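Colleague:
Numbering (the numbering used here), first residue to last: 5 to 160.
Given below as structure tokens:
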């Protein structure tokens, strides 16, 4: 039995053969086609990619992503900063505005202050890092403490 190192992680060649066999069965693709795709000798059709994605339980888009894109970093000192309404604290945009589908903010408020009424699209996800925070949405009021997570419904 041969053991290989891939990215410094040992794996057994029998495990690899079992995985390939499982993929062959799950996709109903020809064994030689899977081998050619694996070795970059064939370009799979969208139907084949969809079958592979289904068998691996991943989005088909994963096969089309550019893997050469480096991770993007927003340094703490580079985060956009702004004051909260009425000067009652500050917010930094943790993601720097570079994310496509989410905006992540870190806010600080002195005890006894509040943000006031505001609106924006989408749900709000909050995690209380320290202290206590009272959240109000409509008629509901929730008191929270350090470590608590709160979801405010963006449709209200």
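Quick reminder that beta carbons are idealized off the backbone N, C-alpha and C, glycines included. Since the model is a prediction, treat every value here as computed from it, not as a measurement.
#1: Output needed for residue 53: all residues of its chain with C-beta closer than 6 Å, excluding positions within five of it in sequence on either side, in chain order.
#2: Measuring CA to CA, which of 99, 85, 60, 84 is closest to residue 75?
#3: Out of curiosity, what's the CA-to-CA distance linking residue 131 and residue 92?
#4: Helix, strand or coil for residue 159? Go by DSSP, reduced to three states.
#5: Whole angstroms are fine: how far does the CA of residue 80 sit from the CA of residue 158?
#6: Just to confirm my understanding: we take residue 156, look at its own chain, exclude 5 residues before and 5 after, and list those with CB closer than 6 Å. What are they?
#7: Threshold first: 3 residues or longer. Then list the beta strand (DSSP E) segments lying entirely within the region 11-46, N to C.
#8: Do residue 57 and residue 27 come within 7 Å of each other at the CB atom, strictly closer than that value?
#9: Under three-state DSSP, which class holds residue 58?
#10: By the DSSP assignment, the beta strand (DSSP E) with residue 149 in it spans what residues?
Modeller: A quick look at the data gives this:
#1: Taking the chain shown and counting its residues from 1, one reaches residue 53 at position 49. The beta carbon of residue 53 lies closer than 6 Å to those of 64, 67 in the same chain, with the five residues before and after it left out.
#2: Stepping through the chain shown from its first residue, residue 75 is reached at position 71. Relative to the Cα of residue 75, the nearest Cα in the group 99, 85, 60, 84 belongs to 99.
#3: Your numbering for residue 131 matches position 127 in the chain shown. Your numbering for residue 92 matches position 88 in the chain shown. Looking at the two C-alpha atoms, the distance is approximately 19 Å.
#4: Within the chain shown, residue 159 is the residue found at index 155, counting from 1. DSSP places residue 159 in coil when its eight states are reduced to three.
#5: As a first step, residue 158 must be located in the chain shown, where it is residue number 154. As a first step, residue 80 must be located in the chain shown, where it is residue number 76. The alpha-carbon atoms of residue 158 and residue 80 are separated by roughly 28 Å.
#6: On the chain shown, position 152 is the one that residue 156 refers to. Scanning its chain for C-beta atoms nearer than 6 Å, with the 5 sequence neighbours on each side dropped, one finds around residue 156 the residues 128, 141, in chain order.
#7: Those beta strand (DSSP E) runs which fall completely within the region 11-46 and span 3+ residues are 13-16.
#8: Reading the chain shown from its first residue, position 23 is the one you call residue 27. Reading the chain shown from its first residue, position 53 is the one you call residue 57. No. Outside cutoff.
#9: As a position in the chain shown, residue 58 is number 54, starting the count at 1. Residue 58 falls in the helix class under three-state DSSP.
#10: In the chain shown, residue 149 corresponds to position 145, counting from 1. Where residue 149 is concerned, the enclosing beta strand (DSSP E) stretches over 144-149.
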